[in-house]
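Q:
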Amino acid sequence: MSLSEIPPFSSQATDFISSTTVNLHHQLSKRNLYGFELNRAGNIIFLGLFTFIAVFNIIMVFRSKQVWYSVCFILGFVLEALGYLGRVLGFTNNSSMPFYILQSLCLTIAPAFIMAGIYFLFAQNVAVHGRKYSLLKPMWYSYFFIGTDVLSIFVQGAGGGMTSTASSNGKSTSLGNTIMFVGILIQIVAITFFLLFWFIFLGRTFFHDRHAVPGDNQYKKKSIGNYFKLLVNIPSARSYKLIQLDPFYNPQYQNIRYRALYSYYPLAVSLAVVLVYIRCVYRVVELKQGYSGYLMSHEIYLFVFDSLLIAETGLIFIPFHPMFVFGRDNVLTSKDIKNGVIPVTQEFIRCPEEEALDKEKDFSYAAQKREAFEARSQL
Numbered sequence: 013m014s015l016s017e018i019p020p021f022s023s024q025a026t027d028f029i030s031s032t033t034v035n036l037h038h039q040l041s042k043r044n045l046y047g048f049e050l051n052r053a054g055n056i057i058f059l060g061l062f063t064f065i066a067v068f069n070i071i072m073v074f075r076s077k078q079v080w081y082s083v084c085f086i087l088g089f090v091l092e093a094l095g096y097l098g099r100v101l102g103f104t105n106n107s108s109m110p111f112y113i114l115q116s117l118c119l120t121i122a123p124a125f126i127m128a129g130i131y132f133l134f135a136q137n138v139a140v141h142g143r144k145y146s147l148l149k150p151m152w153y154s155y156f157f158i159g160t161d162v163l164s165i166f167v168q169g170a171g172g173g174m175t176s177t178a179s180s181n182g183k184s185t186s187l188g189n190t191i192m193f194v195g196i197l198i199q200i201v202a203i204t205f206f207l208l209f210w211f212i213f214l215g216r217t218f219f220h221d222r223h224a225v226p227g228d229n230q231y232k233k234k235s236i237g238n239y240f241k242l243l244v245n246i247p248s249a250r251s252y253k254l255i256q257l258d259p260f261y262n263p264q265y266q267n268i269r270y271r272a273l274y275s276y277y278p279l280a281v282s283l284a285v286v287l288v289y290i291r292c293v294y295r296v297v298e299l300k301q302g303y304s305g306y307l308m309s310h311e312i313y314l315f316v317f318d319s320l321l322i323a324e325t326g327l328i329f330i331p332f333h334p335m336f337v338f339g340r341d342n343v344l345t346s347k348d349i350k351n352g353v354i355p356v357t358q359e360f361i362r363c364p365e366e367e368a369l370d371k372e373k374d375f376s377y378a379a380q381k382r383e384a385f386e387a388r389s390q391l
């Protein structure tokens with residue numbers, strides 16, 4: 013072979029670099045974006061669960077008149093279902109960036125919509141009991157907390173979009189992660205204040221009028237133990253609230269408070285908010301560790317500290333859907349809450365304790381009449 017037949021070194025180097033680049037892109041295109049093999053059973057179960065909750069709320073939007081609550085919960089749980097759809101689609105292609113972005117973005121922002129629906133319930137509860145038990149006007153809670161929730165959604169969405177774009181282009185995702193971190197932090201601060209105002213409100217409904225309650229009763233003592241019993245609604249606490257405390261509440265909405273589920277409603281709302289709160293704290297720690305962190309690289313933590321908690325929140329509000337709690341015709345709109353007028357059904361509902369007292373009075377009255385009749389007969 014002559015020297016003229018030997019390929020120049022520069023040509024060989026160019027071919028080598030080109031071949032290496034092609035192989036590198038080929039390997040990157042096949043990389044597992046999740047960093048582990050997705051658990052098929054867990055992801056399919058949560059996809060089915062969130063789809064069920066979303067379908068339930070879609071059906072209820074046509075049966076009930078709770079528009080704001082229904083829209084928020086539908087958006088929240090549809091996003092949860094879409095997030096897990098992205099993960100299920102990732103079974104066959106775990107290097108697909110669209111599937112990864114779908115699950116990451118949807119699962120991040122979905123709880124913010126759920127909390128927006130819960131925030132409005134606070135204003136409704138204040139209206140049902142009375143303004144005097146609240147630190148703020150009823151609708152102020154909705155304005156403040158829903159406003160911060162919307163801000164949180166935009167910030168998280170912007171951060172998620174930046175992270176997805178950077179990841180697609182092979183660039184650093186640190187800025188997008190930081191923005192998402194700030195968005196979830198805003199949500200945590202909002203929920204913290206919500207819980208503070210919420211538990212103060214409940215405490216006032218339990219103890220504000222205790223000195224005006226006649227007679228002796230163990231629940232007149234302001235203590236953590238009594239607070240817990242009244243919140244959990246054990247039988248004796250329920251009787252105390254319905255017989256002794258209810259006369260101090262807004263009389264216009266007595267029929268709502270006497271509904272069977274309403275006595276347990278504060279407990280249901282409290283549990284749901286605490287579950288979402290724990291989830292948000294988990295997400296902050298997860299983002300702080302980064303994509304290579306321990307939490308994000310182990311799927312079990314996503315299942316336990318995110319999806320399971322949000323699913324439990326959705327399941328709580330199946331039996332405690334506002335339509336079941338307040339009644340189908342007792343719709344508390346923002347206009348009604350502002351004006352202090354809520355259209356309620358005219359049916360007067362008596363609690364079992366009052367019915368028992370009436371029966372006891374009727375029995376005593378009948379006995380007195382019988383004794384009087386017997387006394388006259390002996391004359």
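Heads up: take any position in the sequence shown, counting from 1, add 12, and you land on this note's numbering. Each residue gets a CB set at the ideal place from its N, CA and C atoms; glycine is no exception.
Please report the straight-line C-alpha distance between residue 35 and residue 114, rounded to a whole angstrom.
A: Low per-residue confidence applies at residue 35: pLDDT is 42, beneath 50, and the placement is therefore not dependable, though the value from the model is reported in the following sentence. Whole-angstrom Cα-Cα distance: 27 Å.
Q: Assess contact between the stretch 152–164 and the stretch 123–132, defined as three or more Cβ pairs (one per stretch) separated by less than 8 Å. Is contact present?
A: They touch, by the three-pair rule.
Q: In whole angstroms, what separates the C-alpha of residue 287 from that of residue 317?
A: Whole-angstrom Cα-Cα distance: 9 Å.
Q: Apply the 10 Å Cβ neighbour rule to residue 184 and answer buried if 16 or more other Cβ atoms are within range, or exposed otherwise.
A: Per the 10 Å Cβ criterion, exposed.
Q: Does the contact criterion of 3 or more C-beta pairs under 8 Å hold for the stretch 205–213 versus the stretch 298–316?
A: No: the two stretches stay apart, fewer than three of their Cβ pairs being nearer than 8 Å.
Q: State the DSSP-derived secondary structure class of residue 310, mapped to helix, strand or coil.
A: DSSP places residue 310 in coil when its eight states are reduced to three.
Q: Roughly how many angstroms lie between the CA atoms of residue 240 and residue 320, to the nearest whole one?
A: Taking the straight line joining both Cα atoms gives about 25 Å.
Q: Out of curiosity, what's the CA-to-CA distance linking residue 84 and residue 341?
A: In a straight line, the C-alpha of residue 84 is about 20 Å away from that of residue 341.
Q: In terms of alpha-carbon separation, which member of 329, 243, 73, 199 lies closest to residue 160?
A: Comparing Cα-Cα distances from residue 160 to each of 329, 243, 73, 199, the minimum goes to 199.
Q: So residue 334 and residue 87 are in contact, right, with Cβ under 8 Å, and what is the actual spacing, rounded?
A: Incorrect: roughly 16 Å between the Cβ atoms, too far for contact.
Q: Using 10 angstroms around the beta-carbon of residue 223, count the other beta-carbons present and answer buried if the total reaches 16, otherwise exposed.
A: The residue in question, residue 223, is exposed, as its Cβ has fewer than 16 Cβ neighbours within 10 Å.
Q: In angstroms, rounded to a whole number, what distance separates the CA positions of residue 71 and residue 330?
A: If you take the alpha carbons of residue 71 and residue 330, they lie about 12 Å apart.
Q: Find out if the Cβ-Cβ distance for the pair residue 123, residue 135 is shorter than 8 Å.
A: No.
Q: Buried or exposed for residue 203, going by 16 or more other Cβ atoms inside 10 Å?
A: Flag for residue 203 reads buried.
Q: Check the C-beta distance from residue 217 over to residue 168 and give it rounded, since I have them as a contact under 8 Å.
A: About 34 Å; that fails the 8 Å criterion.
Q: Within the same chain, show all residues whose beta-carbon is closer than 6 Å to that of residue 138, passing over the 5 residues directly before and after it, in chain order.
A: Cβ within range, chain order: 146, 150.
Q: Applying the criterion that 16 or more other CB atoms from any shown protein chain within 10 Å of the CB defines a buried residue, is residue 226 buried or exposed?
A: Burial call: exposed.
Q: Once the 5 residues before and after residue 303 are set aside, which same chain residues still bring their CB inside 6 Å of it?
A: Excluding residues within five positions, none has a Cβ falling inside 6 Å.
Q: For residue 73, which residues in the same chain have their Cβ closer than 6 Å to its Cβ, ignoring the five residues on either side in sequence?
A: 82, listed in sequence order.
Q: Let me check understanding here. Comparing Cα to Cα, which of 205, 94, 182, 175 lies closest to residue 192?
A: If we check each option's Cα against that of residue 192, 175 comes out closest.
Q: In three-state terms, what does DSSP make of residue 357?
A: Low confidence applies to residue 357: its pLDDT is 43, below 50, so where it sits in the model is not reliable, and the reading given next is rough at best. Residue state, collapsed to three classes: coil.
Q: Measuring only the C-alpha atoms, how far is residue 247 from residue 95?
A: Straight-line Cα distance between these residues: approximately 42 Å.
Q: Here's a check: name, in chain order, each residue in its chain whose Cβ is nearer than 6 Å to the Cβ of residue 284, leaving out the five neighbours to either side.
A: Closer than 6 Å at the Cβ level, and outside the excluded window around residue 284, lie 325, 328.
Q: I think residue 395 touches residue 231, with their Cβ atoms under 8 Å apart; what is that distance to the nearest whole Å?
A: Coverage of the chain is limited to positions 13 through 391, which leaves residue 395 absent and any answer about it impossible.
Q: Out of 188, 269, 154, 267, which one is the CA nearest neighbour of residue 80?
A: Per the Cα distances, 154.
Q: Roughly how many whole angstroms lie between the Cα atoms of residue 322 and residue 291?
A: Between residue 322 and residue 291, the C-alpha separation is close to 8 Å.
Q: Going by C-alpha distance, which of 112, 219, 173 is nearest residue 258?
A: Looking at the Cα atoms, 219 is the closest of the given residues.
Q: Helix, strand or coil, according to DSSP, for residue 53 in the structure here?
A: Helix at residue 53.
Q: Could you check the C-alpha separation between residue 294 and residue 190 for me, to the nearest Å?
A: Distance between the alpha carbons of residue 294 and residue 190: 15 Å.
Q: Where do the ends of the alpha helix (DSSP H) carrying residue 231 lie?
A: Element bounds for residue 231: n/a, residue is neither H nor E.
Q: First and last residue of the alpha helix (DSSP H) that includes residue 148?
A: It is not in any alpha helix (DSSP H) - residue 148 carries neither H nor E in the DSSP assignment.
Q: Would residue 78 be called buried (16 or more neighbouring beta carbons within 10 Å of its own) or exposed?
A: Buried.
Q: In angstroms with no decimal places, state the Cα-to-Cα distance between residue 235 and residue 215.
A: Rounded to whole angstroms, residue 235 to residue 215 spans 10 Å at the Cα level.
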